[in-house]
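Take a look at the structure set out below.
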Amino acid sequence: MAEITAGMVRELREKTDAPMMECKKALTEANGDAVRAEEILRIKLGNKANKAASRVAAEGVVAIHIAADGKLGAMVEVNCETDFVAKNGDFLAFAGALAELVATRNPADVTALSALSLKDASVEETRKALVGKIGENMTVRRFTRMAAKGRLASYVHGGAKIGVLVDVAGGDEALAKDLAMHIAASKPVALAKEEVPAALVQKERDIAAAKAAESGKPANIVEKMVEGSVQKFLREVTLLGQPFVKDDKQTVEQLLKSRNATVAGFALFVVGEGIEKKKDDFAAEVMAQVGQMKH
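So for the sequence shown, this note's numbering puts the first residue at 318; every next one is plus one.
If you want it as structure tokens, here you go:
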């Protein structure tokens with residue numbers, strides 16, 4: 318009888334997401350043969366695609382496709398569980414194909430995109446096949462499609478963890494690329510003050526009011542302090558109000574005026590933004606299982 322080590326159990330668990338004790342039983346039944354043990358678990362617990370679906374996919378990539386004339390483009394975020402798979406060639410090709418599909422077919426939402434054909438299968442069928450092949454959960458999280466008033470420029474940063482599409486009229490290609498890079502670095506939430514969500518502005522106003530109230534100054538001075546804080550916040554979170562990253566002595570708005578250019582809109586995706594990442598504690602799980610065995 319082969320010795321079943323904790324390392325073998327952990328490796329099988331990471332591959333299948335099966336409970337620890339089930340992994341140990343499967344390895345024992347397979348006399349330590351990991352491949353056979355995985356087959357046993359798949360028979361007992363279903364295929365890896367189904368099991369993987371319950372795991373958090375907070376890594377991944379942003380993929381961008383822009384038409385040759387620069388007038389139409391799309392950006393998509395596709396998630397997986399580990400950064401290792403985010404570098405996988407098949408995974409990257411899938412994300413790139415989706416970006417092109419969004420640009421050319423204009424689906425209404427992720428559900429509609431999943432139903433579209435991708436070569437000889439649907440997007441959803443292709444996704445499931447890729448999950449089964451690689452063994453990690455993968456999700457198509459979101460996408461955006463832009464029809465440019467000017468010309469689209471893009472920038473992808475940090476192993477495709479940050480993606481930007483920006484619609485620039487006037488200027489030149491170098492300016493458009495600089496603006497895309499600025500957006501990736503400074504992460505504005507809106508183009509101009511008027512476009513910042515009201516709830517975000519109100520939250521900042523409430524914080525500023527609470528701070529100003531502690532100063533003990535007259536109400537008219539407090540009001541000016543609050544308004545000053547809000548306006549400073551709006552400059553910091555809007556593209557036009559931000560200092561340009563390559564020359565912080567001028568704002569992006571001033572840069573655009575000097576180059577006779579305008580920005581009609583932009584989109585910014587940061588991979589995994591807002592997704593709560595699950596942190597597995599294998600040692601804690603072992604202790605919990607031991608505790609259950611004692612009862």
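We put the CB at the ideal spot given by N, CA and C, even for glycine.
All values derive from a computational prediction rather than experimental measurement.
In the three-state reduction of the DSSP assignment, A470 falls in the strand class, which pools E and B.
The DSSP-derived three-state label of I321 is coil. In the structure shown, the three-state DSSP call for T428 is helix. Assignment of beta-bridge partners to I383 by DSSP yields G390. For I500, the enclosing alpha helix (DSSP H) begins and ends at 490-503. Contact between L482 and F411 is ruled out by a C-beta separation of about 20 angstroms, above the 8 angstroms threshold. Contact between the region 463-479 and the region 388-398 is established, with three or more Cβ pairs separated by less than 8 angstroms. Inclusion of S532 and V539 in the CB contact set at 8 angstroms is warranted, their separation being smaller than that value.
Look at the region 562-586 and you find these whole runs of alpha helix (DSSP H), each 4 residues long or longer: 569-575. In the assembly as shown, R422 is an exposed residue. Its beta-carbon has fewer than 16 other beta-carbons within 10 Å. In this structure, V395 sits away from K478, with a CB-CB distance that is not shorter than 8 angstroms. In this structure, the straight-line span from the alpha carbon of E442 to that of V448 is close to 10 angstroms. When the alpha-carbon of S546 is set against those of Q567, K566, Q519, P560, the nearest one is in Q519. The Cβ atoms of V562 and H499 lie closer than 8 angstroms to each other. Judged by their CB atoms, E339 and L358 are nearer to each other than the 8 angstroms cut-off.
Separation of the CB atoms of K494 and L551 is rounded to 26 angstroms, and the pair is thereby denied contact status at 8 angstroms.
In the DSSP annotation of this structure, the continuous segment of the alpha helix (DSSP H) that includes V554 starts and ends at 536-554. The alpha helix (DSSP H) runs lying completely inside the region 430-462 and spanning 4 residues or more are 440-451, given in chain order. Contact annotation: the region 344-352 touches the region 326-336, with at least three C-beta pairs closer than 8 angstroms. Taking every protein chain shown into account, the CB of G488 has 16 or more other CB atoms within 10 angstroms, so this residue is buried. Boundaries of the alpha helix (DSSP H) harbouring G413: 406-422, taken from the DSSP string. Around the Cβ of T555, a 10 Å sphere holds 16 or more other Cβ atoms; the residue is buried.
Distance from the CA of K534 to the CA of M455, rounded to the nearest whole angstrom, comes to 55 angstroms.
Nearest to A502 by C-alpha distance, out of G480, A486, L517, is G480. Comparing alpha-carbon positions, the option among M463, K450, C397, V485 lying closest to E417 turns out to be M463. Per DSSP, reduced to three states, the secondary structure at A351 is helical. If you check the CB distance, L435 and A403 do not come in under 8 angstroms. If you draw a straight line from the Cα of A446 to the Cα of N577, it comes to about 49 angstroms.
Buried is the label assigned to P505, since at least 16 other Cβ atoms lie within 10 Å of its Cβ.
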